[in-house]
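Trainee: Quick note on numbering: the working numbering labels position 213 of the sequence shown as 1522, and the sequence is numbered without any gaps.
Take this structure first; my questions come after.
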Amino acid sequence: MLKKLYSRFSNDIGIDLGTANTLVYLRGSGTVINEPSIVALNQKTGQIVAVGREAKKMWGKTPAHISIVRPLIEGVVSDFEITEEMLAYFIRKTEKINKKFFRPRVVIGVPSGITNVEMRAVYDAAINAGAREVFLVEEAMAAAIGVRLPVLSATASLVVDIGGGTTDIALIALGGIVRSLNLRVAGDHFNARVIEYLRDEFKLLIGEQTAEQVKITIGSAIEEDEYRELEVRGRDLISGLPRALVVTDGDIREALEYPISLLVSGIREVLETAPPEMVADILQSGIVLTGGGALLRGLPELLQQELKLPVYIAEDPLSAVVRGTGIILEDFETYKSALLSIEDHVTVS
């Protein structure tokens, strides 16, 4: 009776709490929020100036007393209070869309291999931000559910979720993760390599947003038929003055070679330790790529060449995790076995 009452008069919310972006699914409405995981903080007063998209507009342009904070580093909470404020902002925003009487039930995606301390930090932050109940699910599992892989069957699925801060590689069967690896190699690291490469090779210093634009516009994992180039503006490290430089796709491919090789090694490591029967399934079903990093041109082709397995990009890979949290909320009893257990789990009414 009480469960029915809560279900009727409270929101069910799924959250992909990512290093780069936070996506929010509202049961009955779909994905309603997709904003950067960024907060602008006034250092003098300790007050939050802006969150999400508005905070990103300020990046690199703030006065000394305002700092831009990314409260999640490599997929885990690095600043508890700021994460709590950010979650509260997103929960309030969903409540404006669909006002309900009780506090919401929330499912949050977290990186594979997260520690109990890190799980507790996410759980507590969500409870303090206004959630009634909090459930955690590994992002790779949520992504697999989100792209409708048969996670509850005995047939194995291999998901590679390339996010902003981390890449989750997971071999899934019978509603659980059999083998997994969490790599600190993902979209942000690709951006960092572009910055390092232009600094070392051309003595040009660029910012993170410019590096991301370069990666998206001309970045690739393998050589393509189409030649691409882009004019990049930054600061000359020798003269200290502004300078423009034309960068080619070959330059960026060279910059990304090392982190991509780590990604290939990580997938190979999971496959090498997997039970033979599961590897046989993957030989037939292939590898599914999700997350923003899956959109790097030529990445599926490179992985296919290196691993000798079929590789596919999921439909709308950016929202796979949050769609998975939404499917869990829509059919909670079916998928509750896929959720992580939290020690001393407490329900707050």
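Note that CB positions come from ideal geometry on N, CA and C, so glycine has one too.
As the structure is a prediction and not an experimental result, all values here were calculated from the model.
Nearest-angstrom Cα distance between Phe1461 and Gly1485?
Mentor: Before going on, a small fix: residue 1461 reads as Leu here, not Phe. Distance between the alpha carbons of Leu1461 and Gly1485: 8 Å.
Trainee: Check whether the Cβ atoms of Asp1288 and Leu1616 sit closer than 8 Å, and answer yes or no.
Mentor: Missing from the structure shown is residue 1288; the chain here goes from 1310 to 1658 and no further.
Trainee: Using 8 Å as the threshold, is the segment 1634-1651 in touch with the segment 1444-1459, meaning 3 or more CB pairs across them?
Mentor: In short, these stretches touch, since the Cβ pair count reaches three.
Trainee: Here's the rule I'm using: 16 or more other beta-carbon atoms within 10 Å means buried, otherwise exposed. How should Asp1330 be labelled?
Mentor: The sequence shown places Asn at residue 1330, not Asp. With 16 or more other Cβ atoms within 10 Å, it is buried.
Trainee: Residues in its own chain within less than 8 Å of Gly1528 by CB, not counting five upstream and five downstream?
Mentor: Answer for Gly1528: Phe1499, Val1503, Asp1558, Ile1561, Arg1562, Leu1565, Leu1605 and Arg1606, listed in chain order.
Trainee: Could you check where the alpha helix (DSSP H) with Ser1376 kicks off and where it finishes?
Mentor: No alpha helix (DSSP H) holds Ser1376; the beta strand (DSSP E) holding it covers Ile1375 to Val1378.
Trainee: Please report the distance separating the alpha-carbon of Ala1449 from that of Ser1489.
Mentor: For Ala1449 and Ser1489, the distance between alpha carbons rounds to 9 Å.
Trainee: Compute the beta-carbon to beta-carbon distance between Gly1496 and Glu1383, rounded to the nearest angstrom, for a pair I have assumed lies under 8 Å.
Mentor: So it is not a contact: roughly 11 Å between Cβ atoms.
Trainee: Residue range of the beta strand (DSSP E) that Gly1323 falls in?
Mentor: It spans Ser1319 to Leu1326 - the beta strand (DSSP E) in which Gly1323 sits, taken as one unbroken run.
Trainee: In terms of residue numbering, what span does the alpha helix (DSSP H) encompassing Thr1643 cover?
Mentor: Where Thr1643 is concerned, the enclosing alpha helix (DSSP H) stretches over Phe1641 to Tyr1644.
Trainee: Does the distance from the C-beta atom of Ala1349 to that of Ile1375 stay below 8 Å?
Mentor: Contact: yes.
Trainee: For Ser1548, count the other beta carbons within 10 Å of its own beta carbon; 16 or more makes it buried, fewer makes it exposed. Which is it?
Mentor: That one is exposed.
Trainee: Secondary structure at Val1416, three-state DSSP: helix, strand or coil?
Mentor: DSSP places Val1416 in strand when its eight states are reduced to three.
Trainee: Take Thr1582 as the anchor and find which of Gly1543, Ala1553, Lys1645 and Leu1480 has the nearest alpha-carbon.
Mentor: Selected option, being the one with the closest Cα: Leu1480.
Trainee: Here's the rule I'm using: 16 or more other beta-carbon atoms within 10 Å means buried, otherwise exposed. How should Ala1435 be labelled?
Mentor: When all chains shown are included, Ala1435 counts as buried.
Trainee: Which term fits Ala1647, buried or exposed, when burial requires 16 or more other beta carbons within 10 angstroms of its beta carbon?
Mentor: Answer is buried; the Cβ neighbour count reaches 16.
Trainee: Assuming Tyr1506 is part of the alpha helix (DSSP H), what are its boundary residues?
Mentor: Run containing Tyr1506: Gly1496 to Phe1511, per the alpha helix (DSSP H) assignment.
Trainee: I'd like to know whether the C-beta atoms of Asp1470 and Thr1476 end up nearer to each other than 8 Å.
Mentor: In this structure, Thr1476 lies closer than 8 Å to Asp1470 by Cβ.
Trainee: Hey, quick one: how far does the beta strand (DSSP E) through Thr1599 stretch, first residue to last?
Mentor: It spans Ile1596 to Thr1599 - the beta strand (DSSP E) in which Thr1599 sits, taken as one unbroken run.
Trainee: Cβ atoms of Val1386 and Gly1418: under 8 Å apart, would you say?
Mentor: No, the Cβ-Cβ distance between Gly1418 and Val1386 is not below 8 Å.
Trainee: Within 8 Å (strictly less), CB to CB, does Pro1584 reach chain D?
Mentor: This model lacks chain D altogether, as it is built from one protein chain only.
Trainee: Okay, do the segment 1576-1595 and the segment 1515-1532 touch, 3+ Cβ pairs below 8 Å being the bar?
Mentor: No, they do not touch.
Trainee: Tell me whether Ser1574 is buried or exposed, calling it buried when 16 or more other Cβ atoms sit within 10 Å of its Cβ.
Mentor: Burial call: exposed.
Trainee: Check for me: the alpha helix (DSSP H) holding Glu1363 runs from which residue to which?
Mentor: It spans Arg1362 to Lys1366 - the alpha helix (DSSP H) in which Glu1363 sits, taken as one unbroken run.
Trainee: Tell me whether the beta-carbon of Val1541 lies closer than 8 Å to the beta-carbon of Leu1507.
Mentor: Yes, they are a contact pair.
Trainee: When the Cα of Glu1442 is compared with those of Gly1323, Ile1478, Gln1613 and Asp1590, which residue comes out closest?
Mentor: Checking every option, the nearest Cα to that of Glu1442 belongs to Gly1323.
Trainee: So the alpha helix (DSSP H) Val1579 belongs to, where does it begin and stop?
Mentor: Looking at the DSSP string, the run of the alpha helix (DSSP H) that includes Val1579 is Asp1558 to Glu1581.
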